Ligand code: F6P
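Numbering (our numbering), first residue to last: 362 to 904.
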């Protein structure tokens, strides 16, 4: 299956070896920015500072046409089990569809189920906002602990942070993800069980970290005198495993459903989005869904050459497979978007970080990049040095909201200036001649200038995209996340792999069981020499 793409790889590599000089390209074509820009759902993408020429861009577009993107996006909509290793449909886009009336999958009225779930979430949010949800001692709930990890945490955590100016909840939110006991201990040390609600968010309801944290919190309730009924009243779940949630002690009426057709990393549009709805309110949560749906409609209907997710996917493939780049930086120039890189890490790396195609055949080419980044301008004073002057080429996405809600407009002008300057500097660089001239203009001797100038040279020709959002509102955030989801989808389609399973995470989970037994002092397992020595050191350090 991977043969189709393999055939086109040589052409890609050949085209990539023909040097594209970006400085020159901009000098030669006054319309380059306009030609390589697109707007969708109000978000604009300037991809002119990429190493593309007319001919390489045409070849890339042909790659999209020849790929499975079109057929897969149709199958996605039809509910075909394109997650073939788990035999599941991929329907997270349905979760943001405003009108889900009559939506059926395998004979089930999914539309009805989605509608009921939305209503239950909204009622809980209203109850909490109006401080009508009373705890077991009759006091209003003041704090909600969201217990989950991976896709059951990263999405809501990122979106809640991103939408800080929209917060309107009287209830404080706490995220408990890591199994590091410091997380739950720190959270519990500030809370009162009588005014604390807990939501255990786990699609499988089998994830060790989430179960362990939930158990610790349940015990904390007991230690404070809450009985079984009181605990049941304070615990909710978002899960597709109703049986396991019920066994834990969560009542049916407190379970928000999930479905096997929504992958963890694609689930913030479902009940996993409850923390977002809680913090920004039900109306704004709807706006988040609407923005994502608008991007879905663009993705499902726009022709390949005018399709923003497709364009971003092609550029990614161009760098990974044509230019052998292994990393991709995500640089939001927005403090509120600082968790976006961690979120996209899971989205991209867990979806496409694979070595076999969807039939199980080894792939002869690289797939997902290492995603990293942080909010600008912080990174400029840390790792941008490497972006500008190292021999590594790291394509970067710069993201900037045009309008902000805070009153410091001059800060925003300076932030934007840095964002645009970084993309310009990466593109044009600084030549030796320019560096020498600069040194001389600063009054250095010729000898000093010649000695220092090589250190100031930036090769330039480093690719970047610039994404501009009208503002960081729920609507545009929804559209932005949906854009990245579909970008990842298109890349998976081009690479002919299954973007919706994650078997690679299982081995570590399996191996941790016997090691945990050894650390708890009751193991008869034998380990490799290194692991044994680490276990011995750990045991020796315990009281
Ligand atoms: O271990 C990986 C993973 O399965 C992710 O894909 C998922 O988002 C996360 O764990 C949490 O899973 P769950 O929601 O089932 O607890």
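Glycine included, every Cβ here is placed at the ideal spot set by N, Cα and C.
No experiment lies behind these values; they were computed from the predicted model shown.
Exercise. Excluding five sequence neighbours on each side, which residues of the same chain lie with their C-beta closer than 7 Å to the C-beta of residue 496?
Worked result: If you number the chain shown from 1, residue 496 lands on position 135. Cβ neighbours of residue 496 beyond the five flanking positions: 502, 555, 556, 595.
For this session: Compute every distance between the C-beta of residue 571 and the non-hydrogen atoms of ligand 1, then say whether any falls below 6 Å.
Result: Within the chain shown, numbered from 1, the residue matching residue 571 stands at position 210. Checking the 6 Å criterion, the Cβ of residue 571 is within range of a heavy atom belonging to ligand 1.
Exercise. For the beta strand (DSSP E) that contains residue 832, what are its first and last residues?
Worked result: In the chain shown, counting from the first residue as 1, residue 832 sits at position 471. Residue 832 -> beta strand (DSSP E) spans 825-832.
Exercise. Is the beta carbon of residue 863 within less than 6 Å of some heavy atom of ligand 1?
Worked result: Numbered from its first residue, the chain shown carries residue 863 at position 502. Yes, Cβ of residue 863 sits closer than 6 Å to a heavy atom of ligand 1.
Exercise. If you check the beta carbons only, do residue 763 and residue 829 fall under 7 Å apart?
Worked result: To locate residue 763, count along the chain shown from 1; it is residue 402. To locate residue 829, count along the chain shown from 1; it is residue 468. Going by C-beta atoms, residue 763 is nearer than 7 Å to residue 829.
Exercise. Which word fits residue 725, buried or exposed, when buried means at least 16 other C-beta atoms lie within 10 angstroms of its C-beta?
Worked result: Here the question's residue 725 lines up with position 364 in the chain shown. With fewer than 16 Cβ atoms within 10 Å of its Cβ, residue 725 is classed as exposed.
Problem set entry | Neighbourhood of residue 824 by C-beta distance below 6 Å, restricted to the same chain and skipping five residues each side | To locate residue 824, count along the chain shown from 1; it is residue 463. Spatial neighbours of residue 824 in its own chain (CB-CB distance under 6 Å, excluding positions within 5 residues in sequence) are listed in chain order as 411, 412, 756.
Exercise. Do residue 563 and ligand 1 come close, with the Cβ less than 6 Å from some heavy atom?
Worked result: Position 202 of the chain shown, counted from the first residue, corresponds to residue 563. For ligand 1, at least one heavy atom lies less than 6 Å from the Cβ of residue 563.
For this session: Tell me whether residue 866 counts as near ligand 1, meaning its Cβ is closer than 6 Å to at least one heavy atom of that ligand.
Result: Within the chain shown, the letter at position 505 stands for residue 866. Within the cutoff, so yes.
For this session: Just mark residue 335 as buried or exposed, buried being the case when its beta carbon has 16 or more other beta carbons within 10 Å.
Result: Because the chain spans 362 through 904 in this model, residue 335 falls outside it and cannot be assessed.
Exercise. Can you tell me the Cα-Cα spacing of residue 579 and residue 873, whole angstroms?
Worked result: As a first step, residue 579 is located in the chain shown; it is residue number 218 there, counting from the start. As a first step, residue 873 is located in the chain shown; it is residue number 512 there, counting from the start. Distance between the alpha carbons of residue 579 and residue 873: 24 Å.
For this session: Confirm the yes/no value for this check: CB of residue 513, any heavy atom of ligand 1, distance under 6 Å.
Result: Start at 1 with the first residue of the chain shown, and residue 513 comes out as number 152. For ligand 1, at least one heavy atom lies less than 6 Å from the Cβ of residue 513.
Exercise. Under the three-state reduction of DSSP, which class applies to residue 657: helix, strand or coil?
Worked result: Translated into the one-based positions of the chain shown, residue 657 becomes position 296. Helix, per DSSP.
Problem set entry | Buried or exposed (CB count within 10 angstroms, at least 16 for buried), residue 742 | For the purposes of this step, residue 742 is taken as the residue at position 381 of the chain shown. Here residue 742 is exposed, its C-beta having fewer than 16 other C-beta atoms within 10 Å.
Exercise. Taking C-alpha atoms, which residue in 630, 679, 615 lies nearest to residue 481?
Worked result: Within the chain shown, the letter at position 120 stands for residue 481. When only C-alpha atoms are compared, the closest one is 615.
For this session: Under the assumption that residue 701 contacts residue 519 (Cβ atoms under 8 Å), give the Cβ distance between them as a whole number of angstroms.
Result: For the purposes of this step, residue 701 is taken as the residue at position 340 of the chain shown. For the purposes of this step, residue 519 is taken as the residue at position 158 of the chain shown. Right, the Cβ-Cβ distance comes to about 6 Å (below 8 Å), so this counts as a contact.
Problem set entry | Paired residues, beta bridge with residue 712 - DSSP | Position 351 of the chain shown holds residue 712. Answer by DSSP bridge pairing: none, since residue 712 is not bridged.
For this session: Consider the C-beta atom of residue 896 and the heavy atoms of ligand 1; say whether any pair is separated by less than 6 Å.
Result: Residue numbering aside, residue 896 sits at position 535 when the chain shown is read from its first letter. Residue 896 Cβ: outside cutoff for every heavy atom of ligand 1.
For this session: Excluding the 5 residues preceding and the 5 following residue 708 in the sequence, name in chain order all residues of the same chain whose CB lies nearer than 7 Å to its CB.
Result: Here residue 708 refers to the residue found at position 347 when the chain shown is read from its first residue. Taken in chain order, the residues that qualify are 626, 845, 846, 849.
For this session: Hey, could you find the ends of the alpha helix (DSSP H) residue 689 is sitting in?
Result: Along the chain shown, one-based indexing puts residue 689 at 328. That residue, residue 689, is in no alpha helix (DSSP H); its beta strand (DSSP E) goes 688-693.
For this session: Following the continuous alpha helix (DSSP H) through residue 417, name the residue where it begins and the one where it ends.
Result: To locate residue 417, count along the chain shown from 1; it is residue 56. Residue 417 -> alpha helix (DSSP H) spans 415-427.
Problem set entry | Option in 821, 896, 835 with minimal Cα separation from residue 384 | Within the chain shown, numbered from 1, the residue matching residue 384 stands at position 23. If we check each option's Cα against that of residue 384, 821 comes out closest.
Exercise. If we call anything under 7 Å between Cβ atoms a contact, is residue 696 one with residue 736?
Worked result: Here residue 696 refers to the residue found at position 335 of the chain shown. Here residue 736 refers to the residue found at position 375 of the chain shown. In this structure, residue 736 lies closer than 7 Å to residue 696 by Cβ.
Exercise. Which residue or residues does DSSP assign as beta-bridge partners of residue 506?
Worked result: By one-based count along the chain shown, residue 506 stands at place 145. DSSP lists 535, 559 as partners of residue 506.
Exercise. Residue 400 lies in the beta strand (DSSP E); which residues open and close that run?
Worked result: Start at 1 with the first residue of the chain shown, and residue 400 comes out as number 39. Counting along the chain, the beta strand (DSSP E) containing residue 400 begins and ends at 398-401.
Exercise. Using DSSP with H/G/I as helix, E/B as strand and the rest coil, what is residue 805?
Worked result: In the chain shown, residue 805 corresponds to position 444, counting from 1. Here residue 805 sits in coil by DSSP.
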